[in-house]
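Scroll down for the structure; my scribbles are underneath it.
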Amino acid sequence: GNSVTQMEGPVTLSEEAFLTINCTYTATGYPSLFWYVQYPGEGLQLLLKATKADDKGSNKGFEATYRKETTSFHLEKGSVQVSDSAVYFCALSGPSGGYNKLIFGAGTRLAVHP
Amino acid sequence: EAQVTQNPRYLITVTGKKLTVTCSQNMNHEYMSWYRQDPGLGLRQIYYSMNVEVTDKGDVPEGYKVSRKEKRNFPLILESPSPNQTSLYFCASSFTGNQPQHFGDGTRLSIL
Chain X
2 GNSVTQMEGP VTLSEEAFLT INCTYTATGY PSLFWYVQYP GEGLQLLLKA
52 TKADDKGSNK GFEATYRKET TSFHLEKGSV QVSDSAVYFC ALSGPSGGYN
102 KLIFGAGTRL AVHP
Chain S
3 EAQVTQNPRY LITVTGKKLT VTCSQNMNHE YMSWYRQDPG LGLRQIYYSM
53 NVEVTDKGDV PEGYKVSRKE KRNFPLILES PSPNQTSLYF CASSFTGNQP
103 QHFGDGTRLS IL
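Just so you know, the protein sequences line up as chains X and S, in that order.
When we follow our numbering, the leftmost residue of the first sequence carries the number 2, and every step to the right adds one.
When we follow our numbering, the leftmost residue of the second sequence carries the number 3, and every step to the right adds one.
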């Protein structure tokens, strides 16, 4: 079945450092890929998405490119801020697993210190 | 403001005492879903609903019930809660199942 694997955290960075959070997936066909972010005490918010190979999703300085050849969707940001501290979830939807649910990775906690 | 509202936000209860977690959305979404979040496992889908009176099981439905009598509401029912249902629960909604989902702020349940 479909699955998502994320790098384990926590990831601890200094402000203005470069961020990469790795995400790989297993799926047949072309799933839609998402990054969600969860700030402390809150629900998940969509950060960015990509629906086909080579698409690049971007938002708030974060980027991720849908790589079919490596089945990856790594999240990157050039210069992190303290306010980026949160848990980040990679997720996919469909096609073989169905479009009626999101399949999540385990989440990666990011801590950014001044 | 577009939102998904869950109640209660926190609940501590005892084994076997029936409880309901309510979920309401104001975006006229047809699709709604419940997830539970456990450390190291991410979020796993419990039940989902494609529209009024249409519900189906997700990956971990055992011990839960849902209903969808109105488009805006999708309550999660634990008829006889057990300690292994202690978790953080999220309700989500979207126009269709493959659209990005809007999440509520979560309900933390502790079953003693």
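Glycine included, every Cβ here is placed at the ideal spot set by N, Cα and C.
Open item on the list: I believe L80/S touches Q87/S by the beta-carbon criterion, under 8 Å. Please report the beta-carbon distance rounded to the nearest angstrom.
Closed with: 6 Å
Task: Local conformation of E81/X per DSSP, three classes - done: The amino acid occupying residue 81/X in the given sequence is Val; Glu does not appear at that position. V81/X falls in the coil class under three-state DSSP.
Open item on the list: Run through chain X and tell me which residues come within less than 9 Å of Y50/S, C-beta to C-beta.
Closed with: N101 and K102
- [ ] Flag P102/S as yes if its beta-carbon sits less than 9 Å from any beta-carbon of chain X, otherwise no.
- [x] yes
TODO: Let me know the secondary structure DSSP gives N86/S once reduced to three states.
DONE: helix
Task: Supposed contact pair Q39/S and K102/X - C-beta distance, whole angstroms, cut 8 Å - done: No, K102/X and Q39/S are not in contact; Cβ-Cβ is about 14 Å, not under 8 Å.
Open item on the list: Restricting to Cα atoms, I'd like to know which of D85/X, A107/X and G30/X is closest to P115/X.
Closed with: D85/X
Task: Contacts of L111/X in chain S (Cβ-Cβ under 8 Å) - done: What L111/X touches in chain S: nothing, since even the nearest Cβ is about 15 Å away.
Open item on the list: Using a 10 Å radius around the Cβ and a threshold of 16 neighbouring Cβ atoms, would you call S89/S buried or exposed?
Closed with: buried
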